[in-house]
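A.B. asks:
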Amino acid sequence: MSSSSGRLTEELQCSLCLDVFTDPVSTPCGHNFCKTCLNKCWDNSQTCSCPYCNEIFKQRPDLKINTTLRELVDHYKKKTPKKKPEVLCDICEEKKLKALKSCVVCQSSYCETHLERHLRVAGLMKHKLMEPVSNLEDYICQTHERPLELFCRDDRTCVCPMCALTDHKNHKTVPLEEESEEKKTQLMKTQKDVQQMIQERIKKIQDMKLSAEVRKRNTEMERAASVELFTDLIRSIERCQTELLEMMEEQQKAAEKQEEDLIEELEQEITKLKMRNTELEQILHTEDHLHLLQSYSSLCSPTNTRNWPEISMKTHVSLRSALTQLQHTLDEKLTKTELKRMQYAESRSPIPSGHNSSRAADSLVKNSKLSTATPEFIPGCYASFQDDIYSDGSEGYYAEPSLADLIQDFVSHLNSSPGSFESEIDYITDTLNSYVTTEEILQELVKLIYIQSTSIPNFAYTGARLCNHLSHHISISPASGNFRQLLLKRCQAEYEQREQAVRGDPDTQKRFHSYVLFLGELYLNLEIKSGKDTPGRANVLLGGLKDLLNALFSHPDDPNLMCAVKLLKLSGSILEDTWKEKGQSDMDEVIKKIEDIVLEAKCSRDVKQMLLKLVELRSSNWGRVHTAAVSSDATPDNDPNYFMNEPTFYTADGTPFTAADPEYSEKYQEILDREDYFPDAYEENGSDSYFSDEDEMDPEIEEAFEKFCMELDARRKK
């Protein structure tokens with residue numbers, strides 16, 4: 001390889017300067033030179049001839065750069081590492097030779113000849129010699145002009161002996177060689193780590209390639225199975241179609257034969273009836289009374305005819321039996337595939353098989369009309385796919401879900417079915433305990449639950465309940481950390497950024513507001529157990545919520561004030577009760593700030609109305625009275641929770657809002673315009689509308705009734 005590289009260098013070398021071509025040009029005889037070198041050669045000569053073959057040219061050629069050769073040279077220069085410039089002897093006068101050593105004291109580089117005095121003279125033998133370098137000034141102290149021979153570990157810089165006695169006195173200094181050896185040891189360790197990282201990534205690439213191969217093979221098997229399955233289904237459908245058409249043809253022929261027989265019978269009866277009609281016509285015009293009376297009984301006796309109104313002909317062909325048969329065929333084909341997919345989905349579900357999942361699976365089977373007694377349909381290529389075991393020890397195509405997948409499944413289930421929290425929380429805890437074995441995994445668990453609780457709409461309450469339960473039931477061995485401490489530490493990180501967050505961009509504010517409301521829910525739900533005392537709330541969160549309110553009020557724009565209102569409506573009564581127990585009047589200070597904001601801040605009118613309603617709510621002791629009534633007799637005067645929450649409505653996308661929302665009017669009107677908001681129960685007894693045009697309500701009564709229905713529906717959702 002080196003010999004071929006050497007030959008290439010010779011081919012790309014100018015014979016005049018003995019260096020790689022620069023702007024190569026070609027002579028008429030075909031030889032190549034640097035353009036500058038050739039022009040200089042011809043300028044100093046009386047004739048124009050090729051420097052290589054001495055061919056003489058009558059006229060000086062017009063030299064043009066050989067673009068192909070130049071591109072080749074440029075490519076060669078990019079691929080060829082640059083040579084380190086040689087250090088030349090500073091003493092040589094005519095032709096400077098390559099330096100062998102550099103003297104730090106003399107600040108000069110010497111060739112082998114001029115280096116002899118440093119190796120022979122006693123005074124020069126004490127000078128420090130080193131490998132030749134061109135930047136000797138970098139090895140000299142700029143202050144004392146002495147060689148840099150020491151390293152100050154306190155200031156982490158190279159110093160000379162004079163520096164060690166003056167500016168770096170009492171510092172820890174060591175010779176450069178000693179420090180260099182230690183650094184080499186550290187660099188070797190770093191290099192080992194880098195090499196290990198390289199090997200890990202190479203192994204990861206191999207694993208990914210293997211996974212891709214397995215996935216490709218499984219996909220091919222699935223594709224083949226799908227083709228076979230749907231081919232059978234197509235054949236079944238075509239066979240069913242053929243049988244249906246044949247049945248239709250047979251039914252048509254049978255119907256035609258029946259029609260012919262019935263028509264013939266009808267014609268015979270018509271003939272008989274015409275004869276009876278003729279007899280009746282004659283007897284009605286006779287004057288022979290005796291004959292009329294004698295014939296009366298026979299003429300009035302019922303004729304021997306069929307009751308034709310009871311006989312009807314089918315004018316359409318029913319497909320029900322054919323479709324039912326086709327459905328049975330499809331069920332037989334799909335039973336195996338559907339059950340396999342349902343079993344896999346159930347195995348991936350975080351909900352235990354003994355709970356709602358089994359009932360849901362049973363419901364799916366019933367709705368799909370699948371039967372376990374139906375013969376299994378297994379495509380031919382599935383035979384080698386069922387129990388595939390790979391030589392690398394992998395568990396198959398579907399790996400065990402990660403902690404992130406598990407948390408996402410749990411949260412998704414609890415968010416869609418919040419009523420199942422009590423029945424599912426023990427199973428969720430047991431599952432997480434099997435995953436959480438180290439403090440690092442516990443930290444990851446806290447991070448995942450925190451992110452889900454602050455990013456998913458309306459999940460803050462359930463997230464806080466989940467955090468409270470896990471703080472008492474998640475444990476690792478050895479107990480190097482606990483869930484509650486790590487959760488509060490995670491909240492502390494967001495808390496410290498409060499001043500910047502309230503003044504940030506809309507996305508930053510939105511994330512901060514979600515954090516504030518989650519912290520409010522956490523304060524209400526997180527129980528701190530101490531000995532045999534009744535569990536209490538976290539005092540650290542109490543002080544944190546006050547600081548967060550102050551931060552929101554320090555930058556009183558609409559989003560911050562709306563967040564503060566939501567937080568106080570959520571936890572205001574509890575906060576005030578706790579502060580009063582401690583003999584503090586912090587809630588009075590909060591209300592005073594709100595009143596000042598209403599008078600001075602440049603917030604919107606709707607937000608000011610929200611703040612005033614909040615002040616009014618607090619003045620009524622947060623809507624609480626001393627005596628609570630039975631729920632059936634609850635009124636604003638005797639129910640402690642009557643005013644605690646305004647009616648909550650829901651937009652088309654499921655976003656909740658109340659009358660305190662600045663866009664309440666527009667959102668409420670949107671609900672009134674929605675036809676799908678009211679329950680289907682309004683369509684009764686086949687009528688198109690619950691309200692009758694004949695008994696129309698007064699508009700005001702109708703609007704009040706609609707509002708009542710929406711409030712009732714919202715309470716059902718809660």
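Each residue of the sequence shown is one higher than the last, beginning at 1 in full-length UniProt numbering.
Virtual Cβ for every residue (Gly too), placed ideally from N, Cα, C.
1) Measuring only the C-alpha atoms, how far is R490 from E666?
2) Please return the same chain residues whose Cβ sits closer than 7 Å to the Cβ of L58, not counting the five positions on each side in sequence.
3) Report the partner residues of G536 according to the DSSP bridge assignment.
4) Excluding the 5 residues flanking F151 on each side, which residues of the same chain have their C-beta closer than 6 Å to its C-beta?
5) Using a threshold of 8 Å, state whether the C-beta atoms of I597 and L561 are closer than that.
6) With a cut-off of 8 Å, do at least 3 Cβ pairs link the stretch 600–609 to the stretch 574–583?
7) For C53, count neighbouring Cβ atoms within 10 angstroms of its own Cβ and tell me buried if that reaches 16, exposed if not.
8) Under the three-state reduction of DSSP, which class applies to C92: helix, strand or coil?
9) Would you report the Cα separation of K617 and G623, rounded to the nearest angstrom?
10) Is it true that the CB of C41 sits closer than 8 Å to the CB of C17?
11) Where does V87 sit, in a helix, a strand or coil, going by DSSP?
12) Which of the three DSSP states, helix, strand or coil, is assigned to Y52?
13) Is the beta carbon of Y515 less than 8 Å from the beta carbon of T454?
14) Out of M130, G583 and R503, which has the shortest C-alpha to C-alpha gap to H555?
15) Which runs of the alpha helix (DSSP H) spanning at least 4 residues fall entirely within the stretch 541–574, listed in chain order?
16) Beta-carbon within less than 6 Å of D90's beta-carbon, same chain only, minus the 5 sequence neighbours each way: which residues are those?
17) Looking only at C-alpha atoms, which of I283, T271, D19 and L100 sits nearest to E112?
18) Under the rule that 16 or more other beta-carbon atoms within 10 Å means buried, what is I407, buried or exposed?
19) Looking at L548: is its Cβ nearer than 8 Å to the Cβ of L519?
20) Is the separation between the beta-carbon of D23 and that of R70 shorter than 8 Å?
21) Between C603 and L517, what straight-line distance do the alpha-carbon atoms span, to the nearest angstrom?
22) I'd like the list of long-range same chain contacts for E55, defined as Cβ closer than 7 Å, with 5 residues on each side in sequence excluded.
23) Under 8 Å, do P559 and Q509 count as touching if we go by C-beta distance?
24) Anyone know if the C-beta pair for E499 and A551 falls short of 8 Å?
25) If you compare alpha carbons, which of E131, C160, K128 and D261 is closest to Q142?
26) From the DSSP output, read off the bridge partner residues of F57.
27) Identify which residue in L524, V436 and T655 has its Cα closest to the Cα of A404.
28) Based on the DSSP secondary-structure assignment, which residues constitute the bridge partners of L150?
C.D. replies: According to the structure shown:
1) Between R490 and E666, the alpha-carbon positions lie close to 38 Å from each other.
2) Note on residue identity: the sequence assigns Lys, not Leu, to residue 58. Taking K58 as the centre and dropping the five residues before and after it, the same chain places no C-beta closer than 7 Å to its C-beta.
3) DSSP lists I528 as partners of G536.
4) The residues C158, V174, L176 and E179, in chain order, have a CB closer than 6 Å to that of F151 in the same chain once the five nearest residues on each side in sequence are set aside.
5) The answer is yes: Cβ separation under 8 Å.
6) Output reads no: the stretch 574–583 does not touch the stretch 600–609.
7) The residue is exposed, with fewer than 16 neighbouring Cβ atoms inside 10 Å.
8) In the structure shown, C92 falls within a coil segment according to DSSP collapsed to helix, strand and coil.
9) Looking at the sequence shown, residue 617 is not Lys but Leu. Cα to Cα, the separation comes out at about 6 Å.
10) Not closer than 8 Å, so no.
11) Taken through DSSP and simplified to helix, strand or coil, V87 comes out as coil.
12) For Y52, the secondary structure class from DSSP, reduced to helix, strand or coil, is coil.
13) Pairing Y515 with T454 gives a Cβ-Cβ distance under 8 Å.
14) Considering only alpha carbons, the answer is R503.
15) The qualifying runs do not exist here; there are none.
16) Excluding sequence positions up to five before and after D90, its CB lies within less than 6 Å of the CB of S108 and S109, all in the same chain and listed in chain order.
17) Closest option to E112, judged by alpha-carbon separation, among I283, T271, D19 and L100: L100.
18) By the 10 Å Cβ count, I407 comes out buried.
19) Closer than 8 Å, so yes.
20) Note that the C-beta distance between D23 and R70 is below 8 Å.
21) Cα-Cα distance, rounded: 21 Å.
22) Excluding its 5 nearest sequence neighbours in each direction, E55 has C-beta neighbours in its own chain below 7 Å: C29 and S49, listed in chain order.
23) Closer than 8 Å, so yes.
24) Yes, the Cβ-Cβ distance between E499 and A551 is below 8 Å.
25) Checked all of E131, C160, K128 and D261; the closest Cα to Q142 is C160.
26) According to DSSP, F57 shares a beta bridge with C48.
27) Looking at the Cα atoms, V436 is the closest of the given residues.
28) Per DSSP, V159 and P175.
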